[in-house]
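For the sequence shown, our numbering begins at 5 and goes up steadily by one.
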Amino acid sequence: MRLSSFFLPTLKETPAEAQIVSHRLMLRAGMIKQTAAGIYAWLPLGLRVLRRIETIVREEHNRFGFQELLMPTIQSADLWRESGRYDGYGKEMLRIKDRHERDLLYGPTNEEMITDIFRTHVKSYRQLPLTLYHIQWKFRDEIRPRFGVMRGREFLMKDAYSFDVDYLDARATYNRFFVCYLSTFRRMGLTPIPVRAETGPIGGDLSHEFHILADTGESELFVDRRLLDLDLTGRAFADDDEIGAFVKEVTDIYAAADEMHRADQCPVPPDDLVTRRGIEVGHIFHFGAKYSQPMGARITDPEGHEREVQMGSYGIGVSRLVGGIIEASHDDAGIVWPGSVAPFQVGVINLKAGDAACDAAAGDFYAKLRAAGVETLYDDTDERAGAKFATMDLIGLPWQVTVGPRGVKAGTVEVKDRASGEREELSIDAALAKLTAA
Ligand code: P5A
């Protein structure tokens with residue numbers, strides 16, 4: 005993509021309304037535009053990151069055999085009356101009437117709708133286990149939307165729903181999500197911390213939140229130091245038993261979000277208890293028959309008896325993650341994208357656009373990266389050098405390549421690693437080899 009034709013409305017000033025660094029950087033980098041309180045348009049740069057996060061989530065879910073579908077954003081109130089949640093959900097639910105005065109709502113979550121799909125089509129244990137997920141916009145009329153996409157009113161969520169024949173199978177599924185989440189967040193360059201959590205309006209008796217540590221996090225976490233030392237990721241598991249043993253090892257260590265933590269009942273000696281702030285990027289629930297019972301989602305078990313299907317649900321804040329990753333990875337100059345979610349891998353800066361030799365060398369370098377399949381943003385504008393460097397640092401692409409008159413004569417370019425700040429003068433071929441291998 006050539007920067008001269010890329011829609012990248014960066015801001016020079018720091019927006020006054022943004023209280024935390026990720027929100028400031030997203031606005032300054034031209035990633036989002038607020039259109040109403042807690043509602044954002046995703047501009048091309050922001051959308052690229054959102055899509056990359058979605059792709060990682062999708063790949064990790066598919067790896068576990070979880071199947072993607074797509075449910076609508078608008079739901080019928082009748083389904084929520086069946087589960088008994090329509091009145092209880094309160095003002096956070098955006099309620100709508102159609103032209104026939106029928107009650108609709110903009111979905112804040114999809115337990116009811118998926119239970120309805122399930123009960124229509126699945127009748128036997130032979131069709132289980134089944135886990136379905138989608139990546140879809142949600143609306144929650146949050147009292148205090150804030151921190152940009154971190155607490156929006158409209159936000160993108162991955163929500164998965166599992167169906168199992170009995171409690172033991174449902175626990176095995178829950179555990180698979182537990183490790184799926186750890187590897188999903190890890191691929192985004194994050195270090196997730198799972199903590200016991202309240203189940204709130206989703207319900208059930210078992211729930212974990214996944215947090216990334218950041219001073220600006222909305223939650224306070226109380227964590228046994230041993231959990232922070234544990235290698236939570238990068239393990240391979242042969243089967244559900246190994247997954248279960250690992251999840252037990254992790255969850256036996258005390259870690260709780262503020263609403264679950266009781267100082268007087270905490271089993272961890274004060275010296276071993278670490279208090280940190282966290283951003284909740286995922287939340288998993290086991291709630292058994294909470295929806296299948298009132299909504300009549302029943303299956304026949306191997307003995308021929310009818311029973312309510314055992315369910316759980318599992319959410320990831322896809323749009324929140326964009327802000328969360330920036331909170332975890334930035335410096336004074338701007339965003340530092342982990343390669344796996346970066347909007348482009350390489351930014352090529354033509355230091356002297358309009359100079360025939362620089363145009364030819366930079367244009368050729370850009371064409372070769374593209375041909376090798378490396379997503380590249382080519383700054384072919386006639387801005388000052390300082391402004392070009394500042395923009396590249398702000399938008400945080402993992403690699404920057406500067407093509408300038410001096411280097412062109414010598415047949416070299418400068419390659420900068422955005423994260424470490426290290427620069428190297430390389431021949432054009434060596435630079436191409438390095439970036440196409442990265
Ligand atoms: C699990 C999936 C649920 O809704 N039902 C389906 C369950 N869980 S949850 O914890 O309420 O939300 C899941 C994740 O969504 C993100 N999230 C938000 N992101 C941005 N703005 C919001 N207002 C918002 N509310 C929730 C969080 O990452 C949460 O973990």
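A virtual CB, placed ideally from N, CA and C, is assigned to each residue, including glycine.
Rounded to whole angstroms, what is the Cα-Cα separation between residue i and residue j?
i, j, result
"V313", "R85", "20 Å"
"D228", "A259", "6 Å"
"P133", "T59", "24 Å"
"V199", "I139", "24 Å"
"A434", "D421", "15 Å"
"A262", "E284", "It should be pointed out that residue 262 corresponds to Asp in this sequence rather than to Ala. Using only the alpha carbons, I get a separation of about 12 Å."
"D168", "L54", "31 Å"
"V405", "P19", "29 Å"
"R22", "I330", "Contrary to the premise, residue 22 reads as Ala rather than Arg in this sequence. Each residue's Cα considered, the two are about 14 Å apart."
"D359", "E17", "31 Å"
"G327", "W46", "13 Å"
"E72", "E63", "10 Å"
"T77", "L12", "29 Å"
"K101", "F10", "40 Å"
"D336", "A364", "33 Å"
"A242", "F214", "24 Å"
"D107", "G308", "39 Å"
"P273", "F226", "12 Å"
"V378", "A441", "10 Å"
"M264", "P271", "13 Å"
"E224", "H125", "42 Å"
"L15", "T39", "17 Å"
"A366", "R388", "16 Å"
"E146", "E246", "40 Å"
Where do the ends of the beta strand (DSSP E) carrying residue i lie?
i, result
"V419", "416-421"
"D82", "From DSSP, D82 is part of no beta strand (DSSP E) but of the alpha helix (DSSP H) over 81-87."
"T304", "302-304"
"F289", "277-292"
"Q297", "Segment 296-299 is the alpha helix (DSSP H) holding Q297; no beta strand (DSSP E) there."
"P149", "Where P149 is concerned, there is no enclosing beta strand (DSSP E), given that its DSSP letter is neither H nor E."
"I197", "196-200"
"M315", "314-321"
"H27", "Taken as a continuous stretch (DSSP letters only), H27 belongs to no beta strand (DSSP E), being part of the alpha helix (DSSP H) at 25-32."
"E253", "Where E253 is concerned, there is no enclosing beta strand (DSSP E), although the alpha helix (DSSP H) it sits in stretches over 244-255."
"F122", "From DSSP, F122 is part of no beta strand (DSSP E) but of the alpha helix (DSSP H) over 115-125."
"D397", "Per DSSP, D397 belongs to no beta strand (DSSP E); it is in the alpha helix (DSSP H), 389-399."
"H65", "Note, H65: premise wrong, no beta strand (DSSP E); alpha helix (DSSP H) at 48-67."
"L108", "107-110"
Assuming residue i and residue j are in contact, meaning their beta carbons sit under 8 Å apart, how far apart are those beta carbons, in whole angstroms?
i, j, result
"I303", "S128", "6 Å"
"S211", "I288", "7 Å"
"F250", "R266", "27 Å between Cβ atoms; not a contact."
"G321", "F159", "7 Å"
"I197", "G282", "6 Å"
"I399", "A81", "Rounded, the Cβ-Cβ distance is 43 Å, inconsistent with contact."
"V419", "W403", "6 Å"
"R99", "L109", "5 Å"
"Y137", "A164", "3 Å"
"D384", "L7", "6 Å"
"M117", "M75", "5 Å"
"G319", "R157", "Their Cβ separation, rounded to whole angstroms, is 16 Å, which puts G319 and R157 out of contact at 8 Å."
"F369", "V407", "6 Å"
"R191", "S323", "Contact doesn't hold; Cβ gap of about 17 Å is too wide."
"T113", "A301", "Actually they do not touch by this definition, with Cβ atoms about 17 Å apart."
Going by C-alpha distance, which of the options is nearest residue i?
i, options, result
"K372", "G316, R388, L439", "L439"
"D386", "C362, D244, A376, D397", "C362"
"V254", "D235, S424, R103", "D235"
"D233", "H215, T195, E222", "T195"
"D170", "R130, T237, R157, R190", "R130"
"T135", "E426, E115, A442", "E115"
"M396", "A441, G411, I432, W341", "W341"
"E310", "S296, A441, D368, Y318", "S296"
"Q79", "S223, M299, G111, R52", "G111"
"T220", "S424, P409, S333", "S333"
"R144", "E426, E96, G316", "E96"
"F393", "A346, K142, G425", "G425"
"L401", "G248, Y382, V407, G390", "Y382"
"D209", "R427, A293, R374", "A293"
Closest Cβ-Cβ distance between residue i and chain B: below 8 Å?
i, result
"D209", "Judged by its chain identifiers, the structure shown contains no chain B, having just a single protein chain."
In terms of residue numbering, what span does the alpha helix (DSSP H) encompassing residue i cover?
i, result
"T177", "171-191"
"D363", "360-375"
"V340", "Taken as a continuous stretch (DSSP letters only), V340 belongs to no alpha helix (DSSP H), as it is neither H nor E."
"L439", "432-441"
Following a CB-centred definition, is residue i positioned closer than 7 Å to any heavy atom of the ligand FAD?
i, result
"Y93", "No copy of the ligand FAD appears in this structure; the ligands present are the ligand P5A."
*Counting pairs of Cβ atoms below 8 Å between the stretch 150-164 and the stretch 22-31, do you hit three or more?*
yes
*Below 8 Å, can you find three or more Cβ-Cβ pairs linking the stretch 55-70 to the stretch 272-281?*
no
_Is it the case that the stretch 90-104 contacts the stretch 340-354, given that we only count it when at least three CB pairs across the two stretches are under 8 Å?_
Counting C-beta pairs with one atom in each stretch, the stretch 340-354 and the stretch 90-104 have fewer than three that are closer than 8 Å, which means they do not touch.
*Indicate whether the contact test is met: 3 or more Cβ pairs, each with one atom in the stretch 284-301 and one in the stretch 174-182, closer than 8 Å.*
yes
*Between the stretch 75-85 and the stretch 46-58, do at least 3 Cβ pairs fall closer than 8 Å?*
no
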